[in-house]
Every structure is written in structure tokens, then in C-alpha cells.
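Visitor: This is the structure, below, for whatever I ask next.
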Amino acid sequence: MELPKLEQLLVKTVCEQADLAFRLQAAADMEMWLCMKRAVNAAHLYRERFEDNRAKNAEAGKVIRDVDQHAEEKTAKIAELSSRLAEAEKALVSAKEARAAARVRLGFSICRFECLPLAAAEVAKDAAILSRAVEVEEAKKEAVAEY
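Throughout the sequence shown, residue numbering follows the numbering used here, covering 74 to 220 in sequence.
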């Protein structure tokens, strides 16, 4: 009688061990599946972040290129205005020299403190020179302000 009880006990122990092994295997499989799912989700998250950062870098590069182009345009404009300013200053100097030469030819004194009558053409020329000098100063201020 004892022999069948012993066999039943062995069978019961083997069944319990098999059940425990099955449950442990299922838990391990579930844990592995959860780890894989977390890894896949992390990979997707990092890929999305990578794509977002790539787009941000491309946008920043475009902004930098636009700023560089704008700076080049401003530099070219400043160079153009500087050359125009130099030309205007040369014209102003030559006009002053011509005025002095005309005064000498007409017999007027070069001294500024003497009040001698000027010809109407000289008055008009002086007014044009002064207005041009004002325009040059305004252009210079505008170029500096834009830069």
C-alpha cells in the first residue's frame, strides 16, 4: 500500500515542479517581452528625437546662411556708399578749389573775414555744394544706422 502512495507523491511533486517551471518560464518570457518592448520604444523615441534635432539643425543652418547673405549684402552696400562718399568728398574738395581759383581770377580776396560781393553763379554753386554735403552726411548716417 505504501508503494502506490509513494508513486503518487512523486507524480504530484513532478507535476508541481513542472507547473512551477512552466510559470517561471512564462514569467521570464513576459519579462523578456517587456524588456524588448521597452527597447523598441526607446529606439523609436531616440529616432524621433534624432529626426527633430536634424530638422532643427537644418533650420539653424538656413538661418545662418541667411544672416551671412544679409551681412554680405550690407557689406556691399557699405562699400558702395563709401565709394560714393569718397567721390562726393572729392567733388566737394574740387568745388572748393574751383571756387578759390574763381575768386582769385575775379580779384576777390580769399580771406573769409572780408565781406565782398559774390557773383550770382558763385552763390548758386555754393548752395549746391552745401546741399550736396548735407546729402552726403545724411547718406553716411543712414549707412551707419543700417549697418
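Idealized CB from N, CA, C, for every residue including glycine. Note that the structure is predicted; figures quoted are calculated from it, not measured.
#1: Count the other CB atoms within 10 Å of the CB of residue 209; is the residue buried (16 or more) or exposed (fewer)?
#2: Of all the options 168, 96 and 123, which has the alpha carbon lying nearest to the alpha carbon of residue 204?
#3: Within this structure, are the beta carbons of residue 172 and residue 198 separated by less than 8 Å?
#4: Can you give me the C-alpha to C-alpha distance between residue 117 and residue 127, rounded to a whole angstrom?
#5: CA-CA distance, residue 82 and residue 114?
#6: What does a CB cutoff of less than 7 Å around residue 211 pick up in its chain, not counting 5 residues either side in sequence?
#7: Just to confirm, is the Cβ distance from residue 216 to residue 165 under 8 Å?
#8: If residue 158 sits next to residue 213, beta carbons under 8 Å apart, how far is it from one beta carbon to the other, in whole angstroms?
#9: Cβ of residue 120 less than 8 Å from any chain C Cβ?
Guide: Quick answer:
#1: Counting from one through the sequence shown, the residue named residue 209 turns up at place 136. When all chains shown are included, residue 209 counts as buried.
#2: As a first step, residue 204 must be located in the sequence shown, where it is residue number 131. It is 168 whose Cα lies nearest to the Cα of residue 204.
#3: The sequence position of residue 172 within the sequence shown is 99, counting from 1. The sequence position of residue 198 within the sequence shown is 125, counting from 1. The Cβ atoms of residue 172 and residue 198 sit closer than 8 Å to each other.
#4: Position 44 of the sequence shown holds residue 117. Position 54 of the sequence shown holds residue 127. Whole-angstrom Cα-Cα distance: 15 Å.
#5: Here the question's residue 82 lines up with position 9 in the sequence shown. Here the question's residue 114 lines up with position 41 in the sequence shown. If you take the alpha carbons of residue 82 and residue 114, they lie about 47 Å apart.
#6: Taking the first residue of the sequence shown as 1, we reach residue 211 at position 138. Counting only Cβ-Cβ distances below 7 Å, and skipping sequence neighbours, we find nothing.
#7: Taking the first residue of the sequence shown as 1, we reach residue 216 at position 143. Taking the first residue of the sequence shown as 1, we reach residue 165 at position 92. Not a contact, by the Cβ cut-off of 8 Å.
#8: For the purposes of this step, residue 158 is taken as the residue at position 85 of the sequence shown. For the purposes of this step, residue 213 is taken as the residue at position 140 of the sequence shown. Going by Cβ atoms, the distance from residue 158 to residue 213 rounds to 6 Å, so yes, they are a contact pair.
#9: Reference to chain C is not applicable here, since this structure consists of a single protein chain.
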